[in-house]
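A quick write-up on the structure given underneath.
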Amino acid sequence: MLPETTPEDDGTTSPPARDRGPADRVVLRADLRAALPDASAAVAVTAAVFAFLYARMKSGDSATVAVMPFMDDPGTYWMYLLSQAFGWSGLLWAWGTVVLGLLLSGPRPARLPVSRQVLERWHRTTSLTTMALMFAHALMFAAELVRYEAQLAWAERLWAGFADTFVPGWYDSGTGRIAIPLGQGAVYLAIPLGLLFYVRHRIGANTWRRLHRFVIVVYVLSVWHTLLYGTNVWYGEWPRTVLWLLQLPVAVLLLMRLLAPARRAERLGAPRRGEGRALPGWAVRAAGRAAAGAVVVGLLVVVVSGHDGGRERPAEPPSTSPHAPEPE
Numbered sequence: 001m002l003p004e005t006t007p008e009d010d011g012t013t014s015p016p017a018r019d020r021g022p023a024d025r026v027v028l029r030a031d032l033r034a035a036l037p038d039a040s041a042a043v044a045v046t047a048a049v050f051a052f053l054y055a056r057m058k059s060g061d062s063a064t065v066a067v068m069p070f071m072d073d074p075g076t077y078w079m080y081l082l083s084q085a086f087g088w089s090g091l092l093w094a095w096g097t098v099v100l101g102l103l104l105s106g107p108r109p110a111r112l113p114v115s116r117q118v119l120e121r122w123h124r125t126t127s128l129t130t131m132a133l134m135f136a137h138a139l140m141f142a143a144e145l146v147r148y149e150a151q152l153a154w155a156e157r158l159w160a161g162f163a164d165t166f167v168p169g170w171y172d173s174g175t176g177r178i179a180i181p182l183g184q185g186a187v188y189l190a191i192p193l194g195l196l197f198y199v200r201h202r203i204g205a206n207t208w209r210r211l212h213r214f215v216i217v218v219y220v221l222s223v224w225h226t227l228l229y230g231t232n233v234w235y236g237e238w239p240r241t242v243l244w245l246l247q248l249p250v251a252v253l254l255l256m257r258l259l260a261p262a263r264r265a266e267r268l269g270a271p272r273r274g275e276g277r278a279l280p281g282w283a284v285r286a287a288g289r290a291a292a293g294a295v296v297v298g299l300l301v302v303v304v305s306g307h308d309g310g311r312e313r314p315a316e317p318p319s320t321s322p323h324a325p326e327p328e
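Letter 244 of the sequence shown, counting from 1, is numbered 244 in UniProt numbering, and no numbers are missing.
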């Protein structure tokens, strides 16, 4: 979730990253300090979301309680609510950092409210904040599972919470069998892909750039995880519609970035035959542009039609739940 291009990547005359001196190199320590205001804002947003979810559960209006009636006690399940709050702020920050990255790597707007260097710094700091929020989301989910398994010994409780949260394929209940691995994939890809930026002088700018393209996969996995497992957006109501709507700017910016990339080498041009791998490479780039265009159309259809995969809210809450606590 770091910048897809910097001056040395977009065809200008700055020296390659591997040739830059230590004084010109962006270091992780400096960005961690610069991220403090951003992280503080993220904590404040998380606290506000937590308060909102807590109040909704206390009032009986929570969609989470409609899905899992046994959780109708915010004082007991506060760690689950905090996990949800970190998840929502993490998704919001991921959305912001992806938008910034696409603005930096796509066609340059005629006017920007701040300099490109400031946007790049914001992109890096929001990326670091996003990784921290994602990890906090998973950690609080694990903590809730440890608290929940009260009938087990402490060692077993710790293992159960850790395995269900961090071991792919271990969680075996309901929708989580698919949604949890998607979230794990997002976390396990986001951290190395983000931090590789700070060692790209060692691995080479071209290698880093190729790997960094998979950041969009992290974002897609995060949204998919939320749509499947976010109880606040299970039902086909306005929160789910808003979540789908927020993906339109990302899809449009991605399409623009593919149609008019900042780097000349990534521009589509005309297909060329008889030049080794030129034609297959052109076909891959053309397919990527077509896929991005199809995603934009698909999102518009989903939002306009209202067929967004949401469930109908039941008239009466289910009497049982796969996550209901075991009787002691």
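Beta carbons: idealized from backbone N, C-alpha and C, even for Gly.
Pairwise C-beta distances place the region 296-307 in contact with the region 227-246, as three or more of them are shorter than 8 Å. Under DSSP, Y235 shares a beta bridge with R311.
Assigned with DSSP and collapsed to three states, W78 falls in helix. Taking a cut-off of 8 Å on C-beta distances, the region 159-178 does not touch the region 213-220, as fewer than three cross pairs fall below it.
Judged by beta-carbon spacing, H123 lies beyond the 8 Å limit of G183, meaning their Cβ atoms are not closer than that value. The three-state reading of DSSP puts Y171 in coil, since its state is none of H, G, I, E or B.
Excluding the 5 residues flanking it on each side, F86 has same chain C-beta neighbours closer than 7 Å at T46, L133, A136, H137 and M140, in chain order. A direct Cα-Cα distance of roughly 28 Å separates Y148 from G310. The Cβ atoms of P74 and Y54 lie closer than 8 Å to each other. Taking 8 Å as the cut-off, the Cβ atoms of M131 and A190 count as close.
Following the DSSP letters along the chain, one finds L158 inside the alpha helix (DSSP H) bounded by residues W154 to F166.
Setting aside the 5 residues that flank it on each side, V295 is surrounded in the same chain by A251, each with a C-beta closer than 6 Å to its C-beta; the list follows chain order. Beta-carbon to beta-carbon, R157 and V167 are separated by about 15 Å, too far to satisfy the 8 Å threshold. Rounded to whole angstroms, the gap between the alpha carbons of G288 and L258 is 8 Å.
Selection W88, L103, T129 and L245 evaluated against V301 yields L245 as nearest (Cα-Cα). Counting along the chain, R121 sits inside the alpha helix (DSSP H) bounded by residues R116 to Y148.
DSSP places A287 within a helical segment (H, G or I) once states are collapsed to three.
Taking the Cβ atoms as the reference, F50 lies roughly 6 Å from L81, within the contact range of under 8 Å. In summary, Q247 is buried, with 16 or more beta-carbon neighbours lying within 10 Å of its beta-carbon over all protein chains present.
Going by beta carbons, L119 and L112 fall inside the 8 Å limit. In this structure E312 is exposed. Its beta-carbon is surrounded by fewer than 16 other beta-carbon atoms within 10 angstroms.
8 Å or more divides the Cβ of T76 from the Cβ of T231. Taking A160 as the centre and dropping the five residues before and after it, the same chain places the C-beta of L145, V146, E149 and L152 closer than 8 Å to its C-beta, in chain order.
Going by beta carbons, V218 and L193 fall inside the 8 Å limit. With a cutoff of 8 Å on beta-carbon distance, L253 and L227 are scored as not near each other.
For the alpha helix (DSSP H) assignment, the uninterrupted runs of no fewer than 4 residues enclosed by the region 210-256 are, from N- to C-terminal side, 215-229. For G194, the three-state secondary structure derived from DSSP is helix. According to the DSSP assignment, A63 belongs to the alpha helix (DSSP H) that extends over A63 to V67. Apart from the 5 residues on each side of it in sequence, Y171 sits with its Cβ closer than 7 Å to the Cβ of D164, R177 and I180 in its chain, given in chain order. When the beta-carbon positions are compared, G106 and P261 come within less than 8 Å of each other.
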